[in-house]
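Engineer: Please read through the structure below; I'll follow up with questions.
Chains as they are written, first to last, in the working numbering: chain A, 1 to 365; chain X, 1 to 127.
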């Protein structure tokens with residue numbers, strides 16, 4: 001299948017970006033250096049093209065019910081301009097995807113939502129929503145608008161100042177997880193105080209034809225998926241397909257450390273299974289760890305206990321640019337999940353000492 | 001983008017360079033290779049006195065995004081290791097042909113270097 005091209009492919013290329021395939025998209029992985037881009041976001045401000053993220057639009061008299069029954073969090077709590085992080089789970093309560101759900105201004109008087117599934121999952125998610133809508137006989141329109149909108153993440157301690165300078169509205173007054181339409185150079189952009197770096201920042205959903213022009217207004221460090229990965233690991237955030245993978249290693253939100261997205265007071269696909277898990281308790285849990293010995297943990301490396309018995313697998317790992325220490329995430333039995341526990345990571349056949357750490361690894365907003 | 005390719009040394013297709021001086025061969029990776037890897041954050045090298053074999057792995061270099069094996073350009077005994085890289089692996093990015101060198105090998109047979117690429121041939125390879 002040919003790679004999908006983001007709307008800004010040309011200007012990223014001109015800027016000297018290196019590209020990588022991610023979720024079926026040809027995306028910039030690095031502009032200058034991962035460490036430079038990472039530092040810009042931690043200390044100043046950087047901008048990411050995240051147009052590979054899906055955008056699904058849901059509206060209609062039953063839109064709230066449809067969203068409620070297909071995501072794990074309580075959608076009914078959302079006022080217009082609110083957003084929430086949620087899991088999309090199967091009947092067994094395993095994570096299919098994670099997403100942010102935004103409540104948009106009412107469309108023709110009906111409740112309206114936009115949610116952002118991960119790269120490459122938008123078509124399957126769209127079909128899932130349509131399928132359940134038909135099965136439950138709900139009245140809602142579900143549109144996959146991934147190809148209509150670009151998405152930018154402007155992140156860092158100076159992100160609010162930068163976005164506020166460009167927008168006609170006082171977007172710096174938004175609280176975390178609040179969003180609104182904002183006008184940037186006469187273009188209406190859905191502007192949310194959200195992000196996936198652990199820093200303050202905004203995500204902007206921009207009409208695809210205007211994307212290049214709006215991007216060019218942001219005079220700050222362009223950042224690629226490489227820095228996005230190091231930033232999100234430091235913040236302890238999950239990467240779909242890596243820290244949870246519905247096909248190869250199904251995990252519940254409780255195992256993945258996002259039990260806070262599960263509201264058992266609501267009815268949703270997977271709820272009953274998750275209630276049972278919640279009552280019985282989990283057997284394995286995603287933990288953060290720091291490598292004490294020299295080496296770098298990578299996805300797929302074995303985790304052993306001090307008796308050299310394999311007890312888990314590394315799901316993500318990197319050399320943390322902020323901490324200058326090798327860090328990672330991985331699933332282990334809960335008896336090994338306590339911070340301070342000593343484990344071993346098998347790095348290319350060699351056993352390296354590691355210690356379970358509290359996540360996030362860094363202070364986050 | 002153009003890369004430095006000094007013509008005083010030979011190159012492997014796997015992007016290591018080899019600079020011979022009186023039977024001792026200094027080894028590092030090319031400017032192109034360090035750029036492809038991105039920020040180098042870790043190197044694993046053999047110890048002094050270890051034997052290395054031409055075309056076989058002698059170590060590992062890791063950037064934030066990738067892990068790569070390093071291959072010996074000649075067979076011989078390791079006579080020096082650039083230990084500065086253990087604390088400052090970024091030297092590989094900053095000066096791949098200078099302070100970012102990795103090993104010195106007392107070559108068993110310096111004629112092995114003739115099998116490697118000239119600067120011009122290496123430039124064609126990465127073009």
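Where is the CB? At the ideal position from N, CA and C, for every residue including glycine.
Using DSSP's beta-bridge definition, name the partner residues of residue 99 (chain A).
Structural biologist: Bridge partners of residue 99 (chain A): A:86.
Engineer: Measure the alpha-carbon distance for residue 94 (chain X) versus residue 69 (chain X) and round it to whole angstroms.
Structural biologist: Their backbone Cα atoms lie some 20 Å apart in a straight line.
Engineer: Mind the definition here: the segment 231-249 of chain A touches the segment 53-64 of chain A only if three or more C-beta pairs lie below 8 Å; say whether that holds.
Structural biologist: Output reads no: the segment 53-64 of chain A does not touch the segment 231-249 of chain A.
Engineer: Less than 7 Å separating the beta-carbons of residue 45 (chain A) and residue 220 (chain A)?
Structural biologist: It is a contact, given that the beta carbons lie within the stated cut-off.
Engineer: Is there a Cβ from chain A that is less than 7 Å from the Cβ of residue 29 (chain X)?
Structural biologist: Not one chain A Cβ lies under 7 Å of residue 29 (chain X).
Engineer: Among A:146, A:347 and A:86, whose alpha-carbon lies nearest the alpha-carbon of residue 266 (chain A)?
Structural biologist: Cα-wise, what sits closest to residue 266 (chain A) is A:86.
Engineer: Label residue 226 (chain A) either buried or exposed according to how many other C-beta atoms from any shown protein chain fall within 10 Å of its C-beta, with 16 as the threshold for buried.
Structural biologist: Residue 226 (chain A) comes out buried.
Engineer: Hey, out of X:8, X:23 and X:97, whose CA is closest to residue 35 (chain X)'s CA?
Structural biologist: If we check each option's Cα against that of residue 35 (chain X), X:97 comes out closest.
Engineer: Pull out every residue of the segment 99-117 of chain A whose Cβ sits closer than 7 Å to any Cβ of chain X, in chain order.
Structural biologist: The segment 99-117 of chain A vs chain X, Cβ under 7 Å: nothing.
Engineer: Kindly indicate which residue of A:341, A:93, A:95 and A:100 has the alpha-carbon position closest to the one of residue 83 (chain A).
Structural biologist: Checking every option, the nearest Cα to that of residue 83 (chain A) belongs to A:100.
Engineer: Around the C-beta of residue 61 (chain X), are 16 or more other C-beta atoms found within 10 angstroms, so that it is buried, or is it exposed?
Structural biologist: The residue in question, residue 61 (chain X), is buried, as its Cβ has 16 or more Cβ neighbours within 10 Å.
Engineer: Taking residue 28 (chain X) and residue 46 (chain X) to be in contact with their CB atoms under 8 Å, please state how far apart those CB atoms are, rounded to whole angstroms.
Structural biologist: That pair is no contact at about 15 Å.
Engineer: Going along the chain, which residues of its own chain have a beta-carbon closer than 6 Å to the beta-carbon of residue 25 (chain X), five neighbours each way excluded?
Structural biologist: Contacts found: 18, 74, 105 and 107.
Engineer: Within 7 Å of any Cβ in chain X, is that where the Cβ of residue 319 (chain A) sits?
Structural biologist: Closer than 7 Å to some Cβ of chain X, the Cβ of residue 319 (chain A) qualifies, so yes.
Engineer: Just confirm the distance between the C-beta atoms of residue 334 (chain A) and residue 285 (chain A), as a whole number of angstroms; I'd bet it's less than 8 Å.
Structural biologist: About 5 Å; that satisfies the 8 Å criterion.
Engineer: When the distance is taken between beta carbons, is residue 167 (chain A) closer than 7 Å to residue 81 (chain A)?
Structural biologist: No, the pair does not count as a contact, with Cβ atoms beyond the cut-off.
Engineer: Any beta carbon of chain A sitting closer than 7 Å to that of residue 38 (chain X)?
Structural biologist: Taking Cβ atoms only, chain A reaches closer than 7 Å to residue 38 (chain X), which makes this a yes.
Engineer: Checking 7 Å against the spacing of the C-beta atoms, do residue 296 (chain A) and residue 319 (chain A) come in under that value?
Structural biologist: Yes; because the gap between Cβ atoms is below 7 Å, this pair is in contact.
Engineer: How would you label residue 65 (chain A), buried or exposed, when you count the other beta carbons within 10 angstroms and need 16 or more for buried?
Structural biologist: Looking at its Cβ environment, which holds 16 or more other Cβ atoms inside 10 Å, residue 65 (chain A) is buried.
Engineer: Given this structure, state the Cα-to-Cα distance separating residue 264 (chain A) from residue 272 (chain A), to the nearest angstrom.
Structural biologist: Their Cα atoms are separated by approximately 8 Å.
Engineer: Any beta carbon of chain A sitting closer than 7 Å to that of residue 64 (chain X)?
Structural biologist: It does; some Cβ of chain A falls within 7 Å.
Engineer: To the nearest angstrom, how far is the alpha carbon of residue 56 (chain X) from that of residue 256 (chain A)?
Structural biologist: C-alpha separation (whole angstroms): 41 Å.
Engineer: How would you label residue 136 (chain A), buried or exposed, when you count the other beta carbons within 10 angstroms and need 16 or more for buried?
Structural biologist: The residue is exposed, with fewer than 16 neighbouring Cβ atoms inside 10 Å.
Engineer: Checking 7 Å against the spacing of the C-beta atoms, do residue 72 (chain A) and residue 262 (chain A) come in under that value?
Structural biologist: Contact flag set, yes.
Engineer: Less than 7 Å between the beta carbons of residue 196 (chain A) and residue 232 (chain A), yes or no?
Structural biologist: Yes; because the gap between Cβ atoms is below 7 Å, this pair is in contact.
Engineer: Closer than 7 Å by beta-carbon distance: list the chain A residues that pair up with residue 67 (chain X), in chain order.
Structural biologist: The answer, in chain order, is 298.
Engineer: For chain A, check one thing: does any of its Cβ atoms lie closer than 7 Å to the Cβ of residue 58 (chain X)?
Structural biologist: No, because no Cβ of chain A sits closer than 7 Å to the Cβ of residue 58 (chain X).
Engineer: Using a C-beta to C-beta distance shorter than 9 Å, which residues of chain A count as neighbours of residue 42 (chain X)?
Structural biologist: Ordered by position in chain A, the residues that pass the 9 Å Cβ test against residue 42 (chain X) are 294, 295, 296, 319 and 326.
Engineer: Distance check for residue 123 (chain X) and residue 152 (chain X), CA to CA, integer angstroms please.
Structural biologist: The requested residue 152 (chain X) is not part of the displayed model; chain X covers only 1 to 127.
Engineer: So that I know if they touch, is there some Cβ in chain X lying closer than 7 Å to that of residue 68 (chain A)?
Structural biologist: No, because no Cβ of chain X sits closer than 7 Å to the Cβ of residue 68 (chain A).
Engineer: Taking DSSP as the reference, what is the three-state secondary structure of residue 6 (chain X)?
Structural biologist: In the structure shown, residue 6 (chain X) sits in coil (DSSP, three-state: anything other than H, G, I, E or B).
Engineer: Give me the chain X residues within the contact set of residue 35 (chain A), using Cβ-Cβ distance strictly less than 9 Å, ordered along the chain.
Structural biologist: Result: 38, 39, 41, 64 and 90.
Engineer: From residue 79 (chain A) to residue 337 (chain A), what distance separates their C-alpha atoms?
Structural biologist: Their Cα atoms are separated by approximately 37 Å.
Engineer: Confirm, please, whether the CB-CB distance from residue 289 (chain A) to residue 365 (chain A) is below 7 Å.
Structural biologist: Not in contact: residue 365 (chain A) and residue 289 (chain A) (Cβ atoms no closer than 7 Å).
Engineer: Using a cut-off of 7 Å between C-beta atoms, extract the partners of residue 180 (chain A) located in chain X.
Structural biologist: Result: empty, since nearest Cβ-Cβ is about 35 Å, beyond 7 Å.
Engineer: Spatial neighbours of residue 358 (chain A) within its chain, please: C-beta separation below 8 Å, excluding the five flanking residues on both sides.
Structural biologist: 288 and 339.
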